[in-house]
Amino acid sequence: MNQFKNIVNTLVYGNFVIALCASSLCYFTILFFSLELYLLETVLFVFFSTQFTYIFHRKVDHLYYGNRFLTPQDNWIKQHDRLYSWLLIMSFVGSFYFYYQLPKATIVILFPLILISLLYVIKLNFFGKSTSLRLIPFLKPFLIAFVWGGIASFLPLIINGGMEAFFELKYHIYAIAMGLFVFGQTIPFDIRDYEIDKKSNLKTLPHALGNGITKLISISAYGLALVFVYIVSKHIDYQLVALASAFIISMVIIWKLSSQKSDLHFSLLHESSLALPLICFKFLAFF
Numbered sequence: 197m198n199q200f201k202n203i204v205n206t207l208v209y210g211n212f213v214i215a216l217c218a219s220s221l222c223y224f225t226i227l228f229f230s231l232e233l234y235l236l237e238t239v240l241f242v243f244f245s246t247q248f249t250y251i252f253h254r255k256v257d258h259l260y261y262g263n264r265f266l267t268p269q270d271n272w273i274k275q276h277d278r279l280y281s282w283l284l285i286m287s288f289v290g291s292f293y294f295y296y297q298l299p300k301a302t303i304v305i306l307f308p309l310i311l312i313s314l315l316y317v318i319k320l321n322f323f324g325k326s327t328s329l330r331l332i333p334f335l336k337p338f339l340i341a342f343v344w345g346g347i348a349s350f351l352p353l354i355i356n357g358g359m360e361a362f363f364e365l366k367y368h369i370y371a372i373a374m375g376l377f378v379f380g381q382t383i384p385f386d387i388r389d390y391e392i393d394k395k396s397n398l399k400t401l402p403h404a405l406g407n408g409i410t411k412l413i414s415i416s417a418y419g420l421a422l423v424f425v426y427i428v429s430k431h432i433d434y435q436l437v438a439l440a441s442a443f444i445i446s447m448v449i450i451w452k453l454s455s456q457k458s459d460l461h462f463s464l465l466h467e468s469s470l471a472l473p474l475i476c477f478k479f480l481a482f483f
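Residue numbers (my numbering): 197 to 483.
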């Protein structure tokens with residue numbers, strides 16, 4: 197049993213799960229639009245770059261805050277610091293390698309996303325105050341939704357269609373839908389981090405509106421996402437049904453969440469629901 201728990205902890209706290217979720221959303225886009233070029237390279241780039249980004253963020257957090265706000269993941273990282281450092285290096289190498297397998301036009305979409313990812317945790321002087329983007333009140337879920345929406349939608353579309361894809365209205369609508377889906381998934385993590393954010397004086401939606409209204413905002417984001425995908429699809433097919441199924445399951449998961457749930461519960465169950473669009477898509481494809 198302990199061995200199984202160690203494996204689960206490594207997959208979750210080593211950011212394998214979140215990387216798989218990001219690459220699964222990217223792969224869903226590939227299937228949704230029947231893209232054909234650089235499929236493996238794109239998915240693996242998204243996997244390694246996501247894993248690197250999340251590990252990098254944790255490393256920077258530890259430099260700034262040390263042991264100030266220890267979570268179960270922080271405790272795991274302290275106990276497996278060498279492994280975590282190796283994962284940082286390997287994910288960076290993987291990101292670097294697969295980036296160079298992709299068309300150079302991808303830098304157009306990647307540059308702003310990389311910049312936001314760095315400034316998300318690195319403190320700079322904004323308006324005379326040293327802070328990072330993540331510490332700006334209420335901004336965190338919007339930033340995550342923007343970056344994930346770009347990675348999961350525009351990246352594979354530009355890789356396959358060049359810069360012309362950037363000027364297609366339907367792709368922007370689809371990117372907004374993916375951003376709303378991720379936004380809905382991100383907000384509940386502020387519920388999980390309620391006490392930590394309170395101690396660090398970071399204002400989030402649960403602090404301002406309460407958990408109930410925060411969950412309703414999250415669920416509403418799913419509904420809007422489904423409307424936007426329908427606009428892109430223009431008809432009801434199994435792709436749209438797959439997304440609707442994924443959103444409904446995610447709504448149920450979110451409504452059942454509370455700040456009393458364990459960190460591992462949030463990280464494993466809630467993060468994994470980001471892979472539901474692909475799972476539902478593959479399931480319905482058999483019928």
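By construction, the Cβ of each residue, glycine as well, lies at the ideal position given by its N, Cα and C atoms.
> Taking buried to mean at least 16 other C-beta atoms within 10 Å of its own C-beta, is Ala404 buried or exposed?
Replying inline: exposed
> Going along the chain, which unbroken runs of the beta strand (DSSP E) with 3 or more residues stay wholly within the region 268-353?
Replying inline: 320-322 and 325-327
>> Using CA atoms only, rank isn't needed, just tell me which of Pro337, Val239 and Lys319 is closest to Gly290.
In response: Val239
> How should Thr327 be labelled, buried or exposed, when 16 other C-beta atoms within 10 angstroms of its C-beta is the threshold for buried?
Replying inline: exposed
> Under 8 Å, do Ser429 and Pro384 count as touching if we go by C-beta distance?
Replying inline: no
>> Is the beta carbon of Val448 closer than 8 Å to that of Trp436?
In response: One detail in the question is off: residue 436 reads as Leu in this sequence, not Trp. No, Cβ-Cβ distance for Leu436 and Val448 is not below 8 Å.
> Going by Cα to Cα distance, which pick from Leu465, Lys478, Pro473 and Ala481 is closest to Leu207?
Replying inline: Leu465
> Excluding five sequence neighbours on each side, which residues of the same chain lie with their C-beta closer than 6 Å to the C-beta of Pro337?
Replying inline: Phe379, Thr382 and Ile383
>> If I follow the unbroken alpha helix (DSSP H) through Lys395, where does it start and stop?
In response: Tyr390 to Lys395
> For the alpha helix (DSSP H) that Phe479 lies in, which residues bound it at each end?
Replying inline: Leu472 to Ala481
> So the alpha helix (DSSP H) Tyr209 belongs to, where does it begin and stop?
Replying inline: Asn198 to Tyr209
>> Can you look up His431 in the DSSP assignment and give me helix, strand or coil?
In response: coil
>> If contact is defined by three or more beta carbon pairs under 8 Å, each pair taking one atom from either stretch, is the region 389-400 in contact with the region 360-374?
In response: no
> Just curious, the alpha helix (DSSP H) that Tyr223 is in, first and last residue?
Replying inline: Phe212 to Phe228
>> Taking 6 Å as the limit between beta carbons, can you name the residues of its chain near Trp344, skipping five residues before and five after?
In response: Val378
>> Distance check for Thr249 and Phe270, CA to CA, integer angstroms please.
In response: Before going on, a small fix: residue 270 reads as Asp here, not Phe. If I take the Cα positions, the gap works out to 16 Å.
> When the Cα atoms are used, what is the spatial distance from Trp451 to Ile444?
Replying inline: 11 Å
> Between the region 224-240 and the region 350-366, are three or more C-beta pairs nearer than 8 Å?
Replying inline: yes
>> On a Cα-Cα basis, can you pick out the residue from Phe350, Tyr418, Lys274 and Lys319 that is closest to Ile226?
In response: Phe350
> Can you tell which of Gln199, Glu467 and Leu474 has its C-alpha closest to the C-alpha of Ala440?
Replying inline: Leu474
> Val304: buried (16+ other C-beta within 10 angstroms of its C-beta) or exposed?
Replying inline: exposed
> What's the gap between the Cα of Phe224 and the Cα of Asn321?
Replying inline: 38 Å
> How many angstroms separate the CA atom of Leu376 from the CA atom of Tyr418?
Replying inline: 6 Å
> Under 8 Å, do Val242 and Cys217 count as touching if we go by C-beta distance?
Replying inline: no
> With distances taken between CB atoms, is the gap from Ile251 to Tyr295 smaller than 8 Å?
Replying inline: no
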